[in-house]
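Worksheet for the structure shown next.
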Amino acid sequence: MNTKLPDFTPAVDLTTSHGTGPVRREKPHYVTLTPPCSNACPAGEDIRGWLAEAQAGRYREAWDILTAQNPMPAVHGRVCYHPCESGCNRGEVDAPVSIHAVERFLGDMAAEKGWAFKAVRPPSGKKILVVGAGPAGLSAAYHLARLGHAVEIREAGPVAGGMMHFGIPAYRMPRNELAQEVARIEALGVKIVTDHMVTDLMAEKREGGFNAVFLAIGAGLGKRVDIPARDAARVLDAVNVLHETSAGRPPLLGRRVVVYGGGNTAMDAARTAKRLGAAETLIVYRRDREHMPAHAFEADEAMEEGVKFKWLTTIREISGSDLTVERMELDQNGRPRPTGEMETLSADAVVLALGQQSDSRFLANVPGISFTPDGAVEVGPDMMTGANGVFAGGDMVPSQQSVTISVGHGKRAARHIDAWLNFAEYDEPPAADIVTFDKLHLPVYSDAEPGEQHRLESDRRAGFDEIVGGFTEKQARFEAQRCYSCGDCYECDNCFAACPEDAIIKLGPGKRYEFDFDKCTGCATCFEQCPCHAIEMIPEVAANG
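Using the working numbering, read the sequence shown as starting at 270 and increasing by one per residue.
Okay, structure coming up:
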């Protein structure tokens, strides 16, 4: 592999050297800083921590660290868009660590070996009602149960999982793996009641003796758009198409299908249409690919499977099987504007994929709850609505929408609910500084190409079999070893070996080091030799103070 940075030799500027002398003006100080991967993770995982355990082959310990923040690694290793990898410092050298693949490996191993969750506190005697068994609801329930609270989830659908089950096709999220992660949360003591639609929230709270409520109904309604239609071809909503297909009741779409939209749901709907027998599937989107909200790999996979795209196009009218579309152009701000150029397309079905919103009408009579113009529930910094003791999160509150963001909301809400139940406030501990690539000292570099997950060939994707395979144990451990451990000492002994004054004391495996300041001259050699920036030079006054 060709590295992006072929020369790792640091430039030494003697005019700014810390130097040594009779008076020490700076001294070294061991620190633990925030790696960019964890900083970018919406679920707040200690990625560096669990990768360190995985690279040592301590997989159960890695899983324990991971699931302290996120209870569904097998799910996230498959469906998360891994923003952690976009921030990975290793990406500046060759390629980011495939964090999602190692996470999936740990989740699948947990299912294989039957690992179980444990509560971290004794029973509190408090009861919490969670409305909705999607990612936010399951996450909140898990974290509240770990904290000793009794939790009951009431779910309108026939199974738990929410949009993970009904909105993400099985070729990306196999149902068995999802069910196993849900079952593990139930085994912790969470009660899940399905086929139960909450219509009178306060009555259910009162009659069930619940001390608090967490709302997590998700965004299961597709947004609509006014398109003049007469004797129209079948016009369906993408969310319903995916839901009905997952429920085993796939709709009849015909041979020619047009999907209107450019997000990830549009990609899933188009790919699902192909699997349901459409001979021609066309995505119509009003902007170009550069401004498309779908992730690039989603569009790439759709193209691999024969889905076609018609960029800079919007639907103006539907008449029978004919669609009148207008060519668009982008202004200087990237916004589409009409050109007046029209053409006609043909389709047996039109699938609208224009975004999702929550059906929060059942909350309209709850005193104190307020809504944004598009129906999202407004919450405060503590994730509580205007109704005392009623919290909300996930896709139903103003935020970006993804499984991982929802899981992060569930965790945060659980901590705020726990504090509220104890007449306190939860304060998020301040994060340490982020270790950017320029802070690392990498004089020695070894090539380590990222592992590749096996992918099902495009001509074999006729059904809903999973497309992307998992890592073997050997692959997962090697991939974890590619981590630089940014901002955290991993006892490489570089500082210990480099110190010219023998001022660093090695404390033994797992105990790291300490400085003998009777010997230290403040020369900063240890700082310059620390590859992960776990040492900083601080002023002598601050060190003494």
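Even glycine gets a Cβ: it sits at the ideal position worked out from N, Cα and C. Bear in mind that the values here come from a model prediction, so they are computed numbers and not experimental data.
Checklist entry - Taking Cβ positions, are G756 and C801 nearer each other than 8 angstroms? => result yes
Next on the checklist: Less than 8 angstroms between the beta carbons of G575 and K543, yes or no?
Outcome noted: yes
Checklist entry - In three-state terms, what does DSSP make of L725? => result coil
Checklist entry - Measuring CA to CA, which of K780, A645 and G523 is closest to Q669? => result A645
Item to check | Span of the alpha helix (DSSP H) around A535 | outcome: N533 to R544
Next on the checklist: Between which two residues does the beta strand (DSSP E) holding Y411 run?
Outcome noted: No beta strand (DSSP E) contains Y411, which is instead part of the alpha helix (DSSP H) from P404 to R415.
Next on the checklist: With DSSP as the reference, identify every bridge partner of E612, one or two as the case may be.
Outcome noted: V594
Checklist entry - By the 10 Å Cβ neighbour count, where 16 or more other Cβ atoms means buried, how is K680 classified, buried or exposed? => result buried
Checklist entry - Run through DSSP, which three-state label would A472 get? => result helix
Checklist entry - Got a sec, what are the start and stop residues for the alpha helix (DSSP H) V348 sits in? => result P342 to V348
Item to check | Nearest to D696 (by Cα), restricted to the options E735, L709, V704 and M652 | outcome: M652
Checklist entry - So is H723 buried or exposed if we call it buried at 16+ other beta carbons inside 10 Å? => result exposed
Next on the checklist: Suppose you measure from the CA of G403 to the CA of E805; what does that come to, to the nearest Å?
Outcome noted: 43 angstroms
Item to check | Proximity of A539 and S627 at Cβ, strictly below 8 angstroms | outcome: no
Item to check | Own chain, CB closer than 7 angstroms to A688, minus 5 neighbours either side, in chain order | outcome: E694 and Y695
Item to check | Buried versus exposed call for P808 [16 or more other C-beta atoms within 10 Å across all chains shown] | outcome: exposed
Checklist entry - Are the beta-carbon atoms belonging to F483 and V362 less than 8 angstroms from one another? => result no
Checklist entry - Does at least one heavy atom of the ligand COA sit under 7 angstroms from the Cβ of N763? => result Among the ligands in the structure shown, none appear at all, so the ligand COA cannot be discussed.
Checklist entry - Can you name, in chain order, every residue of its own chain whose Cβ lies under 7 angstroms from the Cβ of R606, other than the five neighbours on each side? => result M597, E598 and D600
Checklist entry - Between L623 and Y529, is the Cβ-Cβ spacing less than 8 angstroms? => result yes
Item to check | Inter-residue spacing [alpha-carbon to alpha-carbon] between G814 and A683 | outcome: A caution first: G814 carries a pLDDT of 43, below 50, which makes its placement in the model unreliable, though a value can still be read off. Cα-Cα distance, rounded: 38 angstroms.
Item to check | Contact check, V527 vs A456, beta carbons under 8 angstroms | outcome: no
Next on the checklist: Tell me the rounded alpha-carbon separation between R317 and V704.
Outcome noted: 12 angstroms
Next on the checklist: I'd like the span of the beta strand (DSSP E) that includes V620, first residue to last.
Outcome noted: A618 to L621
Item to check | Span separating the alpha-carbon of A812 from that of Q449 | outcome: Note on A812: pLDDT 47, under 50, position unreliable in the model; the coordinate value appears next. Between A812 and Q449, the C-alpha separation is close to 51 angstroms.
Checklist entry - Secondary structure at T790, three-state DSSP: helix, strand or coil? => result coil
Item to check | For I316, three-class secondary structure by DSSP | outcome: helix
Checklist entry - From C795 to K775, what does the alpha carbon distance come to, in whole angstroms? => result 13 angstroms
Next on the checklist: Just list the residues that DSSP pairs F796 with in beta bridges.
Outcome noted: F796 is not bridged to any residue.
Checklist entry - Of the choices D762, V348, M611 and P712, whose alpha-carbon is the least far from that of P443? => result V348
Checklist entry - Is it the case that the Cβ atoms of T463 and P427 are separated by a distance below 8 angstroms? => result yes
Item to check | Beta-carbon spacing of V371, A405 below 8 angstroms | outcome: no
Checklist entry - Quick one: what's got a C-beta closer than 7 angstroms to E797's C-beta in the same chain, skipping five residues either side? => result H710
Item to check | Cβ distance (whole Å) where I486 is taken to contact G401 below 8 angstroms | outcome: 4 angstroms
Item to check | Among A767, L725, A731 and P719, the one whose alpha carbon lies nearest that of F747 | outcome: P719
Next on the checklist: So within the region 673 to 732, which uninterrupted beta strand (DSSP E) runs reach at least 3 residues, ignoring any that extend past its ends?
Outcome noted: none
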